[in-house]
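Engineer: Here it is: the structure, laid out below.
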Amino acid sequence: MSAAHTSVPRDGGLLADPSATAHLVVAEADNEPTRRLLSELLGAPVELLHTEGELNRSLATASVGVRVYICGSEQFVRMMMICASRAGVTEEEMRTEIVGSRGRRVMCLHCKTITEGVSTTIADCEGCGAPLVVYHHFSRRLAAYMGYRVDAEVPGDRPEAEPL
Amino acid sequence: MNATLQVEVTAIDQLTPTIRAIELTAIGEPLPAFSAGSHVTVHLPTDPAHRNAYSLACSPSDPGSYRLAVRHDVAGAGGSRWIHEQLAEGRVLRIERPCNFFAPIRTARHQLLIAGGIGITPFVSYAHQLSRDAASFELHYAVRAADELPFLDELLDLCGERLHVYVDPDGSALMKALRDTVLTGQPLGTHLSVCGPGAMMDAVTGAAAELGWPAARVHVERFSLPGGERTPFVAIDHLSHRRIAVTAEQTLLEALEDAGYEMPYLCRQGICGQCLTTVRAGAPDHRDVYLTPEERGSGTLIMPCVSRAAAAPLVLELPRCAA
Numbered sequence: 009m010s011a012a013h014t015s016v017p018r019d020g021g022l023l024a025d026p027s028a029t030a031h032l033v034v035a036e037a038d039n040e041p042t043r044r045l046l047s048e049l050l051g052a053p054v055e056l057l058h059t060e061g062e063l064n065r066s067l068a069t070a071s072v073g074v075r076v077y078i079c080g081s082e083q084f085v086r087m088m089m090i091c092a093s094r095a096g097v098t099e100e101e102m103r104t105e106i107v108g109s110r111g112r113r114v115m116c117l118h119c120k121t122i123t124e125g126v127s128t129t130i131a132d133c134e135g136c137g138a139p140l141v142v143y144h145h146f147s148r149r150l151a152a153y154m155g156y157r158v159d160a161e162v163p164g165d166r167p168e169a170e171p172l
Numbered sequence: 010m011n012a013t014l015q016v017e018v019t020a021i022d023q024l025t026p027t028i029r030a031i032e033l034t035a036i037g038e039p040l041p042a043f044s045a046g047s048h049v050t051v052h053l054p055t056d057p058a059h060r061n062a063y064s065l066a067c068s069p070s071d072p073g074s075y076r077l078a079v080r081h082d083v084a085g086a087g088g089s090r091w092i093h094e095q096l097a098e099g100r101v102l103r104i105e106r107p108c109n110f111f112a113p114i115r116t117a118r119h120q121l122l123i124a125g126g127i128g129i130t131p132f133v134s135y136a137h138q139l140s141r142d143a144a145s146f147e148l149h150y151a152v153r154a155a156d157e158l159p160f161l162d163e164l165l166d167l168c169g170e171r172l173h174v175y176v177d178p179d180g181s182a183l184m185k186a187l188r189d190t191v192l193t194g195q196p197l198g199t200h201l202s203v204c205g206p207g208a209m210m211d212a213v214t215g216a217a218a219e220l221g222w223p224a225a226r227v228h229v230e231r232f233s234l235p236g237g238e239r240t241p242f243v244a245i246d247h248l249s250h251r252r253i254a255v256t257a258e259q260t261l262l263e264a265l266e267d268a269g270y271e272m273p274y275l276c277r278q279g280i281c282g283q284c285l286t287t288v289r290a291g292a293p294d295h296r297d298v299y300l301t302p303e304e305r306g307s308g309t310l311i312m313p314c315v316s317r318a319a320a321a322p323l324v325l326e327l328p329r330c331a332a
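Put into structure tokens, the structure is as follows:
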């Protein structure tokens, strides 16, 4: 699969969009990109949010014209993206940046368990224990990478896990 | 699938001083069902012959007949003038099968429809389909004068309070409403669809962009492409070296068809991409909305239904020639 057709979301950074009529800024914790964004948006209608519940409440009354900015760990950013897209926000209307942990959510294709915080190319499934290849196929609906048994093709063939 | 349909003009109804509705009924083969927003291309026996595309302004669920609405365009190429001045009931016409470049957005949670003048025509089929499907929508319909409101009663029946009419000689009432409320208070997941004169669509899409609407939420139906001057030029078949003269009145596609080439086509408006042709040499004058800027820049592709060449001949890769 070439990079041009990857399903993995591209995080373009927290760039302020001056055409937006409202700005929802979702930050996992205090971080530099969020502080810089908030200073750029000074004077504009901005809400600073930290949890899924807060984001859902704000999205329930939001109108087209809003932009959602999300900054935090990979897992936080992906979970908030799900929340925003369920409310009807398109990826064009989101700006994302990852700071901190890049640990991934990986869904085991065999038992469907999602293992969180995966940071190596091969990791054991928390459900069935199978050693999974963390494949670069990402589900936007589940906010998870696809994982399949490393020796599915050649039983016993297990390369070394490397950091992602 | 280039087979055309034979239809008879079974009714002509003068809806307004400048707009005529034409009812078309099948001869032989029943009329194909269509989806909201579809149009048909009508072969007009004018001299020179024209093919004009008109939206199907009727219910998609029961196509016992088709209805088109045609505005008398005095400055146009002559197709609408012929329909207004020459066409009579009982006449048999040839039309292409329905084709849709402006379908409703099925994933939209709410559809905001904005029509200017004769641009109401695709939204007539929308209003039938969306009200039948109990979809969430609203229709804003702006006209220049109170006697230019075709389909008003039918739309009121279908839309009720979802219909908003603006009698708006200079377009300012519509734009004010859009900026003050309509474009600023739409729930997330709304899609905007616009059909009307070019300047009106530019104003609406411009206002939407300023108010934070991303391009993916905004859809337009252009019924005229930017024109530009039409001068004669020559196309050359790169295999046979045959020279095909294209007159100022012809499109490149028409000239190739007249020369016997079996060209694929659908919309003949530079939108669908069916007639895409490879250019071996020469400089295309692109007038379509299909090719990407990169494809245009490459100089190796052309949409012969609308695009032309300036001076030097265009050397083309062409399909089989019957002649």
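Quick note, the sequences are listed as chains E and D, same order. Just so you know, our numbering puts the end of the first sequence at 172, numbered straight through with nothing missing. Just so you know, our numbering puts the end of the second sequence at 332, numbered straight through with nothing missing. Beta carbons are placed, not taken as given, at the ideal position from N, Cα and C, and that holds for glycine. Everything numeric in this text was worked out from a predicted model, so none of it was measured.
Please return the same chain residues whose Cβ sits closer than 8 angstroms to the Cβ of D:T25, not counting the five positions on each side in sequence.
Structural biologist: Sequence index remark: in the second sequence, residue 25 of chain D carries index 16 (1-based). Hits under 8 angstroms: D156, E157, L158, P159.
Engineer: Name the two residues that bound the continuous alpha helix (DSSP H) containing E:T42.
Structural biologist: For the purposes of this step, residue 42 of chain E is taken as the residue at position 34 of the first sequence. Residues 40-48.
Engineer: In terms of residue numbering, what span does the beta strand (DSSP E) encompassing E:F5 cover?
Structural biologist: No answer is possible for residue 5 of chain E: it lies beyond the span of chain E, which begins at 9 and ends at 172.
Engineer: Verify the CB distance criterion: does D:Q195 have a CB-CB separation below 8 angstroms to chain E?
Structural biologist: The count along the second sequence starts at 1 and reaches residue 195 of chain D at position 186. It does: the Cβ of D:Q195 has a partner Cβ on chain E nearer than 8 angstroms.
Engineer: Strictly under 8 angstroms for the Cβ-Cβ distance: is E:V33 near chain D by that measure?
Structural biologist: For the purposes of this step, residue 33 of chain E is identified with residue 25 of the first sequence, where counting begins at 1. Output row for E:V33: interface = no.
Engineer: Going by CA-CA distance only, name the one from D:P196, D:A268, D:L261, D:A319 that's closest to E:A70.
Structural biologist: For the purposes of this step, residue 70 of chain E is identified with residue 62 of the first sequence, where counting begins at 1. Considering only alpha carbons, the answer is D:P196.
Engineer: Give a yes or no on whether the minimum CB-CB distance between E:L67 and chain D is below 8 angstroms.
Structural biologist: Locating residue 67 of chain E in the first sequence gives position 59, counting from the first residue. Closer than 8 angstroms: yes.
Engineer: Does any C-beta atom of chain E lie closer than 8 angstroms to the C-beta of D:T199?
Structural biologist: Numbered from its first residue, the second sequence carries residue 199 of chain D at position 190. D:T199 counts as touching chain E.
Engineer: Report the start-end ranges of each beta strand (DSSP E) in the region 18-96 of chain E that is 3 residues or longer and not cut off at the edges.
Structural biologist: Listed in chain order, the complete beta strand (DSSP E) runs (minimum 3 residues) inside the region 18-96 of chain E are 30-35, 54-57, 74-80.
Engineer: Can you tell me where the beta strand (DSSP E) with D:C204 in it begins and where it stops?
Structural biologist: Residue 204 of chain D sits at position 195 when you count from the first residue of the second sequence. That run of the beta strand (DSSP E) goes 199-204.
Engineer: Helix, strand or coil for D:P26, going by three-state DSSP, please let me know.
Structural biologist: For the purposes of this step, residue 26 of chain D is identified with residue 17 of the second sequence, where counting begins at 1. Of the three classes helix, strand and coil, the one that applies to D:P26 here is coil, per DSSP.
Engineer: For E:E100 and chain D, any beta-carbon pair shorter than 8 angstroms?
Structural biologist: What you label residue 100 of chain E is simply residue 92 of the first sequence in a count that begins at 1. Closer than 8 angstroms: yes.
Engineer: Taking beta-carbon pairs under 7 angstroms, can you tell me which members of the region 113-130 of chain D lie near chain E?
Structural biologist: From the region 113-130 of chain D, only R118 have a Cβ closer than 7 angstroms to chain E.
Engineer: Please name the residue in E:H118, E:G108, E:G96 whose C-alpha comes closest to that of E:G125.
Structural biologist: As a working mapping, residue 125 of chain E is identified with position 117 in the first sequence. For the residues E:H118, E:G108, E:G96, the minimum Cα distance to E:G125 belongs to E:G108.
Engineer: Using beta-carbon positions only, say whether D:E238 and D:T286 come within less than 8 angstroms of one another.
Structural biologist: Reading the second sequence from its first residue, position 229 is the one you call residue 238 of chain D. Reading the second sequence from its first residue, position 277 is the one you call residue 286 of chain D. It is not a contact, given that the beta carbons lie outside the stated cut-off.
Engineer: List the residues of chain D whose Cβ lies closer than 9 angstroms to the Cβ of E:A70, in chain order.
Structural biologist: Stepping through the first sequence from its first residue, residue 70 of chain E is reached at position 62. Those are P196, L197, listed as they occur along chain D.
Engineer: If we count Cβ pairs, one from each stretch, closer than 8 angstroms, do we get three or more for the region 101-111 of chain D versus the region 270-284 of chain D?
Structural biologist: The region 101-111 of chain D is in contact with the region 270-284 of chain D.
Engineer: List the residues that DSSP assigns as beta-bridge partners of D:V133.
Structural biologist: Here residue 133 of chain D is taken as the residue at index 124 of the second sequence, counted from 1. D:V133 is not bridged to any residue.
Engineer: Can you tell me which of D:G198, D:L310, D:Y299 puts its alpha carbon nearest to the alpha carbon of E:S4?
Structural biologist: Since the first and last residues shown for chain E are 9 and 172, residue 4 of chain E lies out of range.
Engineer: Could you list which residues in chain E have their beta carbon closer than 7 angstroms to that of D:P223, in chain order?
Structural biologist: Here residue 223 of chain D refers to the residue found at position 214 of the second sequence. Chain E residues near D:P223: T98, E100, E101.
Engineer: Just to make sure I have the definition right: I need the residues of chain E whose C-beta is within less than 7 angstroms of the C-beta of D:L220. Which are they?
Structural biologist: Locating residue 220 of chain D in the second sequence gives position 211, where the first residue counts as 1. Going along chain E in sequence order, the residues near D:L220 (Cβ under 7 angstroms) are T29, G73.
Engineer: Going by Cα to Cα distance, which pick from D:V18, D:C314, D:T27 is closest to D:V152?
Structural biologist: Taking the first residue of the second sequence as 1, we reach residue 152 of chain D at position 143. Of the listed residues, the one whose Cα sits closest to D:V152 is D:T27.
Engineer: Taking D:H173 as part of the beta strand (DSSP E), name the residues at either end of that continuous run.
Structural biologist: Start at 1 with the first residue of the second sequence, and residue 173 of chain D comes out as number 164. Segment 172-176, the beta strand (DSSP E) holding D:H173.
Engineer: Apart from the five residues just before and just after D:H295, which ones in its own chain have a Cβ nearer than 8 angstroms to its Cβ?
Structural biologist: Working through the second sequence from its first residue, we reach residue 295 of chain D at position 286. Around D:H295: R305, I311, M312, S316.
Engineer: Within the chosen definition, does the region 58-75 of chain E reach the region 39-48 of chain E through at least 3 CB pairs nearer than 8 angstroms?
Structural biologist: The answer is no - the region 39-48 of chain E does not touch the region 58-75 of chain E, with fewer than three Cβ pairs under 8 angstroms.
Engineer: DSSP state of D:L220, grouped into three classes?
Structural biologist: Translated into positions along the second sequence, residue 220 of chain D becomes position 211. In this structure, D:L220 counts as coil in the three-state DSSP scheme.
Engineer: Given a threshold of 16 other Cβ atoms within 10 Å of its Cβ, counted over all protein chains shown, does D:L220 qualify as buried or as exposed?
Structural biologist: Taking the second sequence and counting its residues from 1, the one referred to as residue 220 of chain D is at position 211. So D:L220 counts as buried.
Engineer: Can you tell me which residues form a DSSP beta bridge with E:T128?
Structural biologist: Taking the first residue of the first sequence as position 1, residue 128 of chain E is located at position 120. DSSP output for E:T128 lists E:P171 as bridge partner(s).
Engineer: Note down, in chain order, every chain E residue with its Cβ under 9 angstroms from the Cβ of D:R153.
Structural biologist: Position 144 of the second sequence, counted from the start, is the residue given in the question as residue 153 of chain D. Simply none; closest approach about 28 angstroms.
Engineer: Nearest-angstrom Cα distance between D:P302 and D:E170?
Structural biologist: The residue given as residue 302 of chain D occupies position 293 in the second sequence. The residue given as residue 170 of chain D occupies position 161 in the second sequence. Approximately 42 angstroms, taken between the alpha carbons.
Engineer: Shorter than 8 angstroms from the beta carbon of D:S249 to some beta carbon of chain C?
Structural biologist: The chain inventory of the structure shown lacks chain C, comprising the protein chains E and D.
Engineer: Report the rounded CA-to-CA distance for D:E271 versus D:G37, giving the unit in angstroms.
Structural biologist: Numbered from its first residue, the second sequence carries residue 271 of chain D at position 262. Numbered from its first residue, the second sequence carries residue 37 of chain D at position 28. For D:E271 and D:G37, the distance between alpha carbons rounds to 26 angstroms.
Engineer: Just the chain E side, please: which residues come within less than 9 angstroms of D:R226 by C-beta, in chain order?
Structural biologist: For this step, residue 226 of chain D is matched to residue 217 along the second sequence. Simply V72, T98, E100, E101.
Engineer: Can you check whether the C-beta of E:A138 is within less than 8 angstroms of a C-beta belonging to chain D?
Structural biologist: Against the first sequence, residue 138 of chain E aligns to sequence position 130. Not one chain D Cβ lies under 8 angstroms of E:A138.
Engineer: Given D:H228, which residues of its chain have a CB within under 8 angstroms of its CB, disregarding the five upstream and five downstream residues?
Structural biologist: Position 219 of the second sequence, counted from the first residue, corresponds to residue 228 of chain D. Hits under 8 angstroms: F111, I114, H200, L201, S202, V203.
Engineer: Over what stretch of residues does the alpha helix (DSSP H) that includes E:G111 continue unbroken?
Structural biologist: Counting from one through the first sequence, the residue named residue 111 of chain E turns up at place 103. Note, E:G111: premise wrong, no alpha helix (DSSP H); not H, not E.
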